[in-house]
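Asks: Before we start, here is the structure in question, set down as structure tokens.
Protein chains: 2
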Amino acid sequence: MFDGIKGVLIDLDGTILKGNQMIPYADEVIAYIRSLGKKIAFVSNRGNLSRRMCYERLEQFGIAATEKEIILSSTVTAQFLREHYPLCQVWTLGDEGLREELRHHQVQLAKIPEEADFLVITLHETMTYRDLDFAFRAVYHGARMIATNIDKMFPNENGNAIDVAGMVGAIEATTARKVELVLGKPSCFMVEAALRYLQVPPSQCLVIGDSTESDIRMGRMYGMKTVLVLTGNTKKSHLDTLRVKEHPDYVIDSIYDMIRLGEGECGERDVTGDCFTCRAVSLRK
Amino acid sequence: MFDGIKGVLIDLDGTILKGNQMIPYADEVIAYIRSLGKKIAFVSNRGNLSRRMCYERLEQFGIAATEKEIILSSTVTAQFLREHYPLCQVWTLGDEGLREELRHHQVQLAKIPEEADFLVITLHETMTYRDLDFAFRAVYHGARMIATNIDKMFPNENGNAIDVAGMVGAIEATTARKVELVLGKPSCFMVEAALRYLQVPPSQCLVIGDSTESDIRMGRMYGMKTVLVLTGNTKKSHLDTLRVKEHPDYVIDSIYDMIRLGEGECGERDVTGDCFTCRAVSLRK
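Chains as they are written, first to last, in the UniProt record's numbering: chain D, 1 to 285; chain Z, 1 to 285.
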């Protein structure tokens, strides 16, 4: 399973965390992967947290990580703006974590919406009408739109909650302008940030995630090995309807099964009727 | 005017061409700029032509150019896909020029829409319902969407004609998916392609174009000198309502006035009531 693998890209929400809880034994799996000498990058579409906040969130669950290992869509957005638009001024529609990350990367925040060159949109769980109106004003006065990601909904304690696509929709509908760049997975911007950190070629990487659209597609697009966990976005019942480009190499119930996979207790050739790991292998045929 | 300038980025449609005609004396202006020893890049949001087609179009008007000097949004899209998604398969909604450019850059074209990783959308003046339906099928089966540009309309012999945003709207409305990347001006992708060719820092560049949104914003975002011509998108009457981030350094009636500007017959300080050149200078105050 880990043969030839030097770098492991691990998703956060739905894969090792679920809301304010850790997926059972995720800390042990991270420690196990490290014990094999593999490099790890935590690659998440979270745009409303800064790396520092995310580091603290992982620490609180006893998951050992460094800030550099954490690649969030907020991180990648900030890096992108800093590198490609060094003179830009940015307004945000999103939680404080995004602004913290932009400031950390020396991206200039506009003083008033009217002066912004870009509106960066991410999840904004504390949003008010005023925030939305400020964002509207930025775009109405010419700001171009960037989104950290474009997820429609995410699971919380009430079922599904409106996500970034909702904020984007509000501004697009009222300004007749459109988002011109989405940074989150499965984009090349996230992959390249992870590979730059890992310093490992894609063919020696493994992706573990709960989303076929972002994690599995991202991995497959670069020839990485892919593992789908069923603790998040994707349910067993979805597996039959997956598009070919979203078929993972392995499907496991939970990240905990990585230890089983790693120890070769359930390998690629060990096909039985009710073994999802093996069923996944055949999906790729 | 040209003091300290080593590279000149020149827009095509509305600036040196208008439909199937050349803006009068544009060929002379290009020759004049070359005679000053400046490097030239032709930077156009045209995504439905290949470089080769564009080269022939310029040649037909006696405008001397090389293919390498021509930076189209089709060129930049093809380069982007080749560099960042080397394994991808692409379906297109657009005229043949786009496909020619993708093939030229060894981007793999999908055999059927269902297999595409990306749908690339550009202007498609020969579009039929069947083309639109193929594009829909690509996205319905999971292709991500990229647009060469996102212009809403362009002027032709009948007034304004529907542009790329219309094709994008048709697919977005029916698939609930969204374009995640727009390559055309004023994006960093176009600027960086031009600067890579010119090998000149932005502060030593001048942009000449007819669109405040794409040409002037692009130039200003990188600290380039900017010249707006009134032979295309922007009319005299628009000048009073320009956003600050779209104010050019100079406004001239036609690219032909570049010679006048270059020879210093009408300089930055030469303010008179009805001189648009000078009026523009004061816009930047």
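The C-beta atom is built at its ideal place from N, Cα and C for all residues, glycine as well.
Computed from a prediction, not measured in an experiment: that's the story for all the values here.
How should V244/Z be labelled, buried or exposed, when 16 other C-beta atoms within 10 angstroms of its C-beta is the threshold for buried?
Replies: Translated into the one-based positions of the second sequence, residue 244/Z becomes position 244. Label assigned to V244/Z: exposed.
Asks: Output needed in chain order: residues of the stretch 216-230 of chain Z with a Cβ under 9 Å from some Cβ in chain D.
Replies: Correct list: R217, R220, M221, Y222, G223.
Asks: Nearest-angstrom Cα distance between G264/D and G166/D?
Replies: The sequence position of residue 264/D within the first sequence is 264, counting from 1. The sequence position of residue 166/D within the first sequence is 166, counting from 1. Cα-Cα distance, rounded: 43 Å.
Asks: When you compare the CB positions of I23/Z and I255/Z, do they come within less than 7 Å of one another, or not?
Replies: Translated into positions along the second sequence, residue 23/Z becomes position 23. Translated into positions along the second sequence, residue 255/Z becomes position 255. Yes, they are a contact pair.
Asks: Should P248/Z be labelled buried (16 or more other beta-carbon atoms within 10 Å of its own) or exposed?
Replies: Counting from 1 along the second sequence, the entry for residue 248/Z is found at position 248. The residue in question, P248/Z, is buried, as its Cβ has 16 or more Cβ neighbours within 10 Å.
Asks: Helix, strand or coil for R243/D per DSSP?
Replies: In the first sequence, counting from the first residue as 1, residue 243/D sits at position 243. Note: R243/D maps to coil in three-state DSSP.
Asks: Tell me which residue opens and which closes the alpha helix (DSSP H) that F134/Z is part of.
Replies: To locate residue 134/Z, count along the second sequence from 1; it is residue 134. Segment 129-140, the alpha helix (DSSP H) holding F134/Z.
Asks: Rounded to whole angstroms, what's the CA-CA distance from I252/Z to E157/D? Just pull it up for me.
Replies: Position 252 of the second sequence holds residue 252/Z. Position 157 of the first sequence holds residue 157/D. Cα-Cα distance, rounded: 60 Å.
Asks: Could you give the first and the last residue of the continuous alpha helix (DSSP H) run that contains F189/D?
Replies: For the purposes of this step, residue 189/D is taken as residue 189 along the first sequence, with counting starting at 1. Note, F189/D: alpha helix (DSSP H), 188-198.
Asks: For G159/D, which residues in chain Z fall below 7 Å Cβ to Cβ?
Replies: Taking the first sequence and counting its residues from 1, the one referred to as residue 159/D is at position 159. Simply none; closest approach about 19 Å.
Asks: Of all the CB atoms in chain Z, is at least one closer than 7 Å to the CB of R284/D?
Replies: Taking the first residue of the first sequence as position 1, residue 284/D is located at position 284. Unreliable positioning characterises R284/D in this predicted model, as indicated by a pLDDT of 42, which lies under 50. A coordinate reading is not provided.
Asks: Checking contacts by CB at 7 Å: is E56/Z closer than that to chain D?
Replies: Numbered from 1 along the second sequence, position 56 holds the residue referred to as residue 56/Z. So, not an interface residue.
Asks: From this set, R103/Z, E125/Z, V90/Z, which residue's C-alpha is nearest K111/Z's C-alpha?
Replies: Against the second sequence, residue 111/Z aligns to sequence position 111. Nearest C-alpha to K111/Z: V90/Z.
Asks: Is there a Cβ of chain Z sitting closer than 7 Å to that of I150/D, yes or no?
Replies: Numbered from 1 along the first sequence, position 150 holds the residue referred to as residue 150/D. Taking Cβ atoms only, chain Z reaches closer than 7 Å to I150/D, which makes this a yes.
Asks: Y250/D by DSSP, collapsed to three states: which one?
Replies: One-based indexing of the first sequence puts residue 250/D at position 250. Residue state, collapsed to three classes: strand.
Asks: Where does N45/Z land, buried or exposed, given buried means 16+ other C-beta within 10 angstroms?
Replies: Position 45 of the second sequence, counted from the start, is the residue given in the question as residue 45/Z. Label assigned to N45/Z: buried.
Asks: If I follow the unbroken beta strand (DSSP E) through T75/Z, where does it start and stop?
Replies: Walking along the second sequence from the start, residue 75/Z turns up at place 75. Boundaries for T75/Z: no beta strand (DSSP E) harbours it, while the alpha helix (DSSP H) harbouring it runs 73-84, taken from the DSSP string.
Asks: Measuring CA to CA, which of F61/Z, M53/Z, V229/Z is closest to H104/Z?
Replies: Here residue 104/Z is taken as the residue at index 104 of the second sequence, counted from 1. It is M53/Z whose Cα lies nearest to the Cα of H104/Z.
Asks: Classify S35/Z: buried if its beta carbon has 16 or more other beta carbons within 10 angstroms, exposed otherwise.
Replies: Along the second sequence, one-based indexing puts residue 35/Z at 35. Exposed.
Asks: Beta-carbon of K185/Z versus every beta-carbon of chain D: anything under 7 Å?
Replies: Sequence index remark: in the second sequence, residue 185/Z carries index 185 (1-based). Chain D, which has no Cβ nearer than 7 Å to the Cβ of K185/Z, makes this no.
Asks: Hey, is K111/Z's beta-carbon within less than 7 Å of any beta-carbon in chain D?
Replies: Numbered from 1 along the second sequence, position 111 holds the residue referred to as residue 111/Z. Cβ-Cβ to chain D under 7 Å: no for K111/Z.
Asks: Applying a beta-carbon distance threshold of less than 8 Å, which residues of chain Z neighbour V182/D?
Replies: Mapped onto the first sequence, residue 182/D falls at position 182. Result: K178, E180, L181.
Asks: Which residue wins for smallest C-alpha separation from L230/D, given the options D11/D, M1/D, G4/D, G7/D?
Replies: Your numbering for residue 230/D matches position 230 in the first sequence. The residue with the shortest Cα to Cα distance from L230/D is D11/D.
Asks: Starting from the beta carbon of D117/D, find every residue of chain Z whose beta carbon is closer than 7 Å, and list them in chain order.
Replies: The sequence position of residue 117/D within the first sequence is 117, counting from 1. Those are M221, K245, listed as they occur along chain Z.
Asks: Counting beta carbon pairs with one atom in the stretch 53-64 of chain Z and one in the stretch 234-242 of chain Z, are three or more of them shorter than 8 Å?
Replies: no
Asks: So what's C54/Z in DSSP terms, helix, strand or just coil?
Replies: Along the second sequence, one-based indexing puts residue 54/Z at 54. Reduced to three states, the DSSP call for C54/Z is helix.
Asks: Starting from T174/D and walking both ways along the alpha helix (DSSP H), at which residues does that stretch end?
Replies: The residue labelled residue 174/D in the question sits at position 174 within the first sequence. Element bounds for T174/D: 164-175.
Asks: With DSSP as the reference, please indicate the residues paired to A147/Z in a beta bridge.
Replies: If you number the second sequence from 1, residue 147/Z lands on position 147. Its beta-bridge partners are I121/Z, V182/Z.
Asks: Is V139/D near R99/D, with beta carbons less than 7 Å apart?
Replies: For the purposes of this step, residue 139/D is identified with residue 139 of the first sequence, where counting begins at 1. For the purposes of this step, residue 99/D is identified with residue 99 of the first sequence, where counting begins at 1. Not in contact: V139/D and R99/D (Cβ atoms no closer than 7 Å).
Asks: Any beta carbon from chain Z within less than 7 Å of G97/D's own beta carbon?
Replies: For the purposes of this step, residue 97/D is taken as the residue at position 97 of the first sequence. False, the Cβ-Cβ gap to chain Z never drops below 7 Å.
Asks: Hey, out of G262/Z, N233/Z, F118/Z, M190/Z, whose CA is closest to G14/Z's CA?
Replies: To locate residue 14/Z, count along the second sequence from 1; it is residue 14. Nearest option by C-alpha distance: N233/Z.
Asks: Look at the Cβ atom of S74/D, then the Cβ atom of T148/D, and state whether they are nearer than 7 Å.
Replies: Sequence index remark: in the first sequence, residue 74/D carries index 74 (1-based). Sequence index remark: in the first sequence, residue 148/D carries index 148 (1-based). Yes; because the gap between Cβ atoms is below 7 Å, this pair is in contact.
Asks: If the cut-off is 7 Å on Cβ atoms, which residues from the stretch 193-207 of chain Z count as contacting chain D, listed in chain order?
Replies: Closer than 7 Å at the C-beta level to chain D, one finds no residue of the stretch 193-207 of chain Z.
Asks: For chain Z, is any of its Cβ atoms less than 7 Å away from the one on L9/D?
Replies: Walking along the first sequence from the start, residue 9/D turns up at place 9. For L9/D, the answer is no, since every Cβ of chain Z falls outside 7 Å of its Cβ.
Asks: Strictly under 7 Å for the Cβ-Cβ distance: is G264/D near chain Z by that measure?
Replies: The residue you call residue 264/D lines up with position 264 of the first sequence. Chain Z contact via Cβ: absent.
Asks: Report the three-state DSSP secondary structure of V281/Z (helix, strand or coil).
Replies: One-based indexing of the second sequence puts residue 281/Z at position 281. Note that V281/Z has pLDDT 44, beneath the 50 cutoff, so the model's placement of it is unreliable and the number below is only indicative. If DSSP states are grouped into helix, strand and coil, V281/Z belongs with the helices.
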